[in-house]
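In the working numbering, the protein residues as written are 122 to 239. Just so you know, even glycine gets a beta-carbon here, dropped at the ideal spot from N, CA and C.
Written out as structure tokens, the structure is:
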């Protein structure tokens, strides 16, 4: 398992055990049933299915995700852990975001809440 996959597993497990994180998920996906976040790295394609009470991780490509992130795995991990500023990666082209980039804010808030609650 790669570091990025381990990070996604960490996030999914935190959501599973913390009611306050489930509330963030419910607020994020409302009024829809869920969100699909696709990630493409040199390690391959994977996607997260975000519903009101959980996150599930999957290998491969989803046919119509809400947002797609394309970058090196270490770049994405750096963004998700707060070590690399999101805006810098957009400016220098090391991250490509396709689709609803607004989904990045609730994802960042969820990650921050999960990391703070460790």
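How is the alpha helix (DSSP H) around residue i delimited, first residue to last?
i, result
"residue 199", "194-201"
Taking C-alpha atoms, which residue in the options lies nearest to residue i?
i, options, result
"residue 171", "161, 163, 156", "156"
"residue 124", "196, 154, 145", "196"
"residue 223", "132, 167, 199, 150", "150"
Put residue i into one of helix, strand or coil per three-state DSSP.
i, result
"residue 159", "strand"
"residue 232", "helix"
"residue 172", "strand"
Who are residue i's beta bridge partners in DSSP?
i, result
"residue 216", "192"
"residue 237", "Residue 237 pairs with nothing; no bridge assigned."
"residue 166", "161"
Pull up the CB-CB distance for residue i and residue j, whole angstroms please, since I reckon it's below 8 Å.
i, j, result
"residue 192", "residue 216", "4 Å"
"residue 189", "residue 220", "6 Å"
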